[in-house]
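Student: In the order they appear, the protein sequences are chains A and B.
Taking our numbering, the leading residue of the first sequence gets 69, the next gets one more, and so forth.
Taking our numbering, the leading residue of the second sequence gets 15, the next gets one more, and so forth.
Built from N, CA and C at the ideal position, the CB exists for glycine as well.
Note that the structure is a prediction, hence the values are computed from the model and not measured.
To start, I am sharing the structure in question, which I have written as structure tokens.
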Amino acid sequence: MKKSVILGMATIAGLAAGAAAAGTVDDVKARGKLNCGVTTGLVGFAAPDANGEWKGFDVSLCRAVAAAVLGDASAVEFVPTTGKTRFTALASGEIDMLARNTTWTFSRDVDLKFEFTGVNYYDGQGFMVPKALGVTSAKELDGATVCIQTGTTTELNLADFFRSNNISYEPVPIETNAEAQQQYLAGACDVYTTDASGLAATRATFENPGDHVLLPEIISKEPLGPLVRHGDHEWGDVVRWTLNALVSAEELGVTSANIDEMAAGTDNPEVNRLLGTEGTLGEMLGLDADWGAKAIKAGGNYGEIFATNIGEETPIGLARGLNAQWTDGGLLYSPPFR
Amino acid sequence: MADQTTNPIAFVADGTIPPSPPPANQTGAVKWLRENLFSGVSNTILTVLSLILIYVLLKNTMPWILNGVWNANSLAECREILAGKTGACFAVLTERWPQLIYGFKYPVDAYWRPNLAFVLMLVAIAPVLFFDLPRKLLIITALYPFVAFWLIWGGTILVPIVALVGCVAAGAVFQKFGKNSFAAGFFGAIIVALVVWKLGGALIPEGASDGAWLSAVPSRDLGGFMLNMMLGLACVSLSVPLGIALALGRQSNMPLIKWVCVIFIEFIRGVPLITLLFVASVMLSYFFPPDSTVDLFLRVVIMITMFSAAYIAEVIRGGLAALPRGQYEAADSLGLDYPQAMRLIILPQALKISIPGIVNVAVGLFKDTTLVSVISMFDLVGMIRGPILASTEWNGVYWELLGFAALLFFVVCYGISQYSQWLERRLATDHH
């Protein structure tokens, strides 16, 4: 009873804070800085480098939004959040947007009163096994010992998968990814399961990454995307369409290399509208006409951002997979710029 | 003289016989070994087993440490240099050294400021720890918090000056009125301090920190072991006086003060520290408007101080309870009033008894400062778990980093514990 009263008060206070900060676009412009919530550190997605400069896939999205709104990709105050503090930081107005590999789920969208503005990475739970085991499919894992992080959705997904395939497994409960890595290498379990991007990043740190394979089965949907507070639709639109601009730029062949040339005007009217040489899309968002061009210049289009941070050339070595353009058989599909 | 040489007695010793060395098995290392390590069958077995254990430990760790790579830019490069041999990758410590100590956002050209603050800390803390030093040095100690604040956070020098003036004014008021009535002095001092701070705060112009000689560093940019040291030092030095006040308050005859202290202590002791930290970082941000929150560092300091003050209060209460009733009565019979009795008779004895307990709390508190990593502050452990392990270069280096963190904490905590043992010996006045 007492708990619900306190939570209720917290919710009301949160809503009041949310309502007070309704004009986030204006707030950000007045402040001259975007407060962007990121993780405290996840390989490839967000981490400060040796010079303290934030780098990563999620970080690039923050920079693109800052470039679109303020014209300066470095005008971002990165606020590191943990899995426990991220939602309160957003709800209380401490941050303007959260780009922190957060899975888009019904309850987060509806019950926690947030608005997901798209998906920037389609993840899913996968399996890693030593090559020497000779397994090629997760369905052959009958009787295997599985390292699994306790208290996560991965635990439930795993139970569902094995039950529906009518095979058995023995869980080895572990607390953190670091522990999992040590246990798996020490042979305490045959299989390690977590998000596929996390598996790839973990494998990249092994001494002999080639001795381990990721199985083709992906047993859950984890659409990761940026989110903003409920009820501030102008700001939500800015974040949503900045992400869409990055995706469309790749589809339309606009890269950081040729953007200056294309910004001078092209034969393709959609490119022109995207880059602001035609139409009034920027004005509708309440931004400069060339907001899209600035966002793309910040770190390149979606494909470039992917390649520099987590793509196959990097130590993490993720393939595009589901995150390819819809024209290449992936799920990336930006609504038209019209 | 010539007569003596023809003395009929055949032999007279003209000096003492030099002492012979003791038998070989009754001296030196052999004796020590026999007495301490091989004095019986069971002891011999234990000794041999321990030696085997030490050998196995060293055999496994020494190659790892001695082969360690100190110069590389990533874990992959380390492994290339090692070429399959076992060896540590200490290169992460050299490459990320500034981040481990100062956090990743503290401006590089300002590293001298925390360094200087650290050196000054040693000077300022010396007269408190070693009371044989001249008492005049305590002036440095009193000024140190303001200097350190100015050095580490930078910005306009007016802020620490206003804070200092407020404290001095409060002290003066307490001196003047506290002699007659403790309450008048105490509350008068608080009111004067608040008034000075309010007026001074209004006098400092907006944006005074912009062009300051020391560039302003926001609290969010602090990190690394520096943050642990700052939190540990601030919280210990604040919680000891607060703990003493709470312990005395709990023994007070005045019901209001007594119950306030009892409820405070019991409530804080009944709540986990991590809960208080979450309240500090998460809940409070709901109750303040987004633009005007209390500084996160300050919020954390308040929470940790409250937590450890409650524990220290209970430790000191143990010391007070251990004093025989006669000591209190002796103080009364000398005609001392309450503050005098406490200051001159009761507390010196009670605190001496409480030293091991207080040090125990202080060491625990210092280690507890690593808990701030869960509310996304980048202390030493937060730096390791977050940015460093999440960089593509160093993902997967665990033993070296966490071992280094353990070593740093061990050095500080062992130092504290050695100091407390010295203090106990120094204060021992009973004769055995």
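So residue 406(B) contacts chain A; which residues on that side make the cut at Cβ distance below 7 Å?
Tutor: Under the 7 Å cutoff, chain A gives 111, 112, 382, 383, 384.
Student: Taking the beta carbon of residue 128(B) as the centre, do at least 16 other beta carbons fall within 10 Å, making it buried, or is it exposed?
Tutor: Buried, since its Cβ has 16 or more Cβ neighbours within 10 Å.
Student: Report the residue from 358(A), 94(A), 121(A) whose alpha carbon sits nearest the alpha carbon of residue 346(A).
Tutor: It is 358(A) whose Cα lies nearest to the Cα of residue 346(A).
Student: Rank 247(B), 386(B), 66(B) by C-alpha distance to the C-alpha of residue 295(B) and give the top, closest one.
Tutor: With distances taken between Cα atoms, residue 295(B) lies closest to 386(B).
Student: Excluding five sequence neighbours on each side, which residues of the same chain lie with their C-beta closer than 6 Å to the C-beta of residue 302(B)?
Tutor: There are no such residues.
Student: If contacts are defined as beta-carbon pairs under 8 Å, then residue 164(B) and residue 148(B) qualify, I think. What distance do you get, rounded to the angstrom?
Tutor: That pair is no contact at about 25 Å.
Student: Under 8 Å, Cβ to Cβ, is there at least one residue of chain B near residue 294(A)?
Tutor: No, residue 294(A) lies away from the interface with chain B (no Cβ there is under 8 Å from its Cβ).
Student: At the level of alpha carbons, what is the spacing between residue 278(B) and residue 77(B)?
Tutor: Going from the Cα of residue 278(B) to the Cα of residue 77(B) covers about 53 Å.
Student: Are the C-beta atoms of residue 403(B) and some chain A residue less than 8 Å apart?
Tutor: It does: the Cβ of residue 403(B) has a partner Cβ on chain A nearer than 8 Å.
Student: Just to confirm the assignment, what range does the beta strand (DSSP E) spanning residue 169(A) have?
Tutor: That run of the beta strand (DSSP E) goes 165-171.
Student: Quick one: residues in its chain with C-beta nearer than 6 Å to the C-beta of residue 402(B), no 5 flanking neighbours on either side, listed in chain order?
Tutor: Contacts found: 110, 408.
Student: Counting contacts by CB-CB distance shorter than 8 Å, is residue 242(B) in contact with chain A?
Tutor: No, its Cβ sits nowhere closer than 8 Å to a Cβ of chain A.
Student: Which residues in the same chain have their Cβ closer than 7 Å to the Cβ of residue 140(A), if we skip the five residues on either side of it in sequence?
Tutor: If we look at residue 140(A) and ignore the five residues flanking it on each side, its Cβ neighbours are 134.
Student: Going along chain B, which residues have a C-beta under 8 Å from residue 148(A)?
Tutor: The contacting residues are 390, 392, 400.
Student: State the start and end residues of the unbroken alpha helix (DSSP H) segment that holds residue 423(B).
Tutor: Here the alpha helix (DSSP H) through residue 423(B) covers 413-441.
Student: Please state if the CB of residue 104(A) and the CB of residue 165(A) are separated by a distance shorter than 8 Å.
Tutor: Yes, the pair counts as a contact, with Cβ atoms nearer than the cut-off.
Student: Let me make sure I understand the geometry here. Which of 107(A), 198(A), 222(A) has the alpha-carbon closest to that of residue 152(A)?
Tutor: The candidate whose alpha carbon is nearest that of residue 152(A) is 107(A).
Student: Using a Cβ-Cβ cut-off of 7 Å (strictly less than) and excluding sequence neighbours within five positions of residue 241(A), which residues of its own chain qualify?
Tutor: Around residue 241(A): 216, 218.
Student: Just the C-alpha distance for residue 29(B) and residue 37(B), rounded to the nearest angstrom, thanks.
Tutor: Cα to Cα, the separation comes out at about 24 Å.
Student: Give a yes or no on whether the C-beta atoms belonging to residue 156(B) and residue 135(B) are separated by under 8 Å.
Tutor: No; because the gap between Cβ atoms is not below 8 Å, this pair is not in contact.
Student: If I'm right that residue 282(A) touches residue 264(A) with Cβ under 8 Å, what's the distance once you round it to whole angstroms?
Tutor: Their Cβ separation, rounded to whole angstroms, is 7 Å, which keeps residue 282(A) and residue 264(A) in contact under 8 Å.
Student: Keeping to the same chain, check which residues put their C-beta closer than 7 Å to that of residue 405(A); ignore five residues upstream and five downstream.
Tutor: Cβ within range, chain order: 316, 338, 341, 342, 349.
Student: Using a Cβ-Cβ cut-off of less than 8 Å, give me the residues of the region 245-261 of chain A that come near chain B, in sequence order.
Tutor: Listed by position along the chain: 246, 249, 250.
Student: Flag residue 296(B) as yes if its beta-carbon sits less than 8 Å from any beta-carbon of chain A, otherwise no.
Tutor: Yes, residue 296(B) counts as interfacial toward chain A.
Student: Kindly provide the ranges of any alpha helix (DSSP H) runs that are 4 or more residues long and lie completely inside the region 193-263 of chain B, ordered along the chain.
Tutor: If we require 4 residues or more, the alpha helix (DSSP H) runs fully inside the region 193-263 of chain B come out as 196-217.
Student: Using a beta-carbon distance below 8 Å, is residue 160(A) in contact with chain B?
Tutor: Residue 160(A) counts as touching chain B.
Student: Would a check of beta-carbon distances place residue 313(B) closer than 8 Å to chain A?
Tutor: So no, residue 313(B) is outside the interface.
Student: Quick check on this structure: which residue in 112(A), 156(A), 110(A), 137(A) has the alpha carbon closest to the alpha carbon of residue 307(A)?
Tutor: Selected option, being the one with the closest Cα: 137(A).
Student: What residues from chain B crowd round residue 153(A), counting only those whose CB sits closer than 7 Å?
Tutor: Under the 7 Å cutoff, chain B gives 295, 296, 389, 390.
Student: With respect to the beta strand (DSSP E) encompassing residue 183(A), which residues constitute its N-terminal and C-terminal limits?
Tutor: First-last of the beta strand (DSSP E) with residue 183(A): 182-184.
Student: Compute the distance between the beta-carbons of residue 160(A) and residue 300(B), then report whether it is under 8 Å.
Tutor: Yes, Cβ-Cβ distance for residue 160(A) and residue 300(B) is below 8 Å.
Student: Once you ignore the five residues that flank residue 26(B) on each side, which residues in its own chain have a CB closer than 6 Å to its CB?
Tutor: Cβ within range, chain order: n/a, list empty.
Student: Taking all protein chains shown into account, do 16 or more other C-beta atoms lie within 10 angstroms of the C-beta of residue 499(B), making it buried, or fewer, making it exposed?
Tutor: In the structure as shown, chain B begins at 15 and stops at 446. Residue 499(B) is therefore absent and cannot be evaluated.
Student: For residue 395(B), count the other beta carbons within 10 Å of its own beta carbon; 16 or more makes it buried, fewer makes it exposed. Which is it?
Tutor: Per the 10 Å Cβ criterion, buried.
Student: Flag this pair as touching only if the region 328-341 of chain B and the region 242-261 of chain B have three or more C-beta atom pairs under 8 Å; answer yes or no.
Tutor: Yes: at least three Cβ pairs fall under 8 Å.
Student: Between residue 268(A) and residue 384(A), is the Cβ-Cβ spacing less than 8 Å?
Tutor: The answer is yes: Cβ separation under 8 Å.
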